[in-house]
Amino acid sequence: MDEIVLAATKANIHEFIQQLPQGYETKVGMKGSFLSGGEKQRIAIARVLIRRPKILLLDEATSAMDPYNEQIVQVTLEQAQTEDPSRTSLIIAHRLSTIRSCDLICVLEMGRIVESGTHTELVQKGGIYYTMLNAQNNVQ
């Protein structure tokens, strides 16, 4: 149980779970129907931290989270990658803030890679990634 609580704490969902009527034993409905999208995502992240897969596919893993929880979970995922550098993570994201620390970022357009590099390299290129990053920063 300690490992579960630690993973839930890292995913910033432990306090929420403790407030449920039966804590970790609470039934949350079919496919988590009584949970918000962000709560489901944080529980999924906690499960990933416990399973420690060698290949991790994250598709918009923080899309339903508010900025506060997104930042906490992002730091947790980065720490998990550092703890196991042999893990391969494939991250699909529209919010570029979630991929800044990736070793390699590939920008797709019409199903093809049109740019690739680190965040810094892509910003310096001033191409599509740079344009998308500026557009997102201006909206926020």
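The UniProt record's numbering puts the sequence shown at residues 1 to 140. Quick reminder that beta carbons are idealized off the backbone N, C-alpha and C, glycines included.
Have a look at the DSSP bridge pairing and note the partners of residue i.
i	result
S97	S97 pairs with nothing; no bridge assigned.
G117	I105
L57	L90
R112	E109
If I measure Cβ to Cβ from residue i and keep anything under 8 Å in the same chain, skipping five residues before and after, which residues do I get?
i	result
E39	I13, F16 and G32
E109	I128
L56	V48, R87, T88, S89 and L90
Since residue i and residue j are thought to touch, with beta carbons under 8 Å apart, how far apart are those beta carbons, to the nearest angstrom?
i	j	result
Q41	T26	Wrong, their Cβ atoms sit about 18 Å apart, outside the cutoff.
S89	L49	No, S89 and L49 are not in contact; Cβ-Cβ is about 13 Å, not under 8 Å.
I4	Y24	7 Å
E78	S101	5 Å
I92	E60	6 Å
G37	A80	No, G37 and A80 are not in contact; Cβ-Cβ is about 21 Å, not under 8 Å.
Specify, as a first and last residue, the run of the beta strand (DSSP E) that residue i falls within.
i	result
L90	T88 to I92
Please list, in chain order, all residues of the same chain as residue i whose beta carbon is under 7 Å from its beta carbon, the five residues on each side excluded.
i	result
A8	H14, I17 and A46
I72	N12
Please report the residue range of the alpha helix (DSSP H) in which residue i lies.
i	result
P67	P67 to E83
residue 159	The shown model of the chain, from 1 to 140, leaves out residue 159, and the question about it has no answer.
L6	D2 to K10
Q22	First-last for Q22: undefined, no H or E at that position.
At the 8 Å Cβ level, is residue i part of the contact set with chain C, yes or no?
i	result
E3	Protein chains in the displayed structure number just one, and chain C is not present.
Next on the checklist: Does the region 72-87 come into contact with the region 110-130, if we say contact requires no fewer than three beta-carbon pairs (one atom in each stretch) closer than 8 Å?
Outcome noted: no
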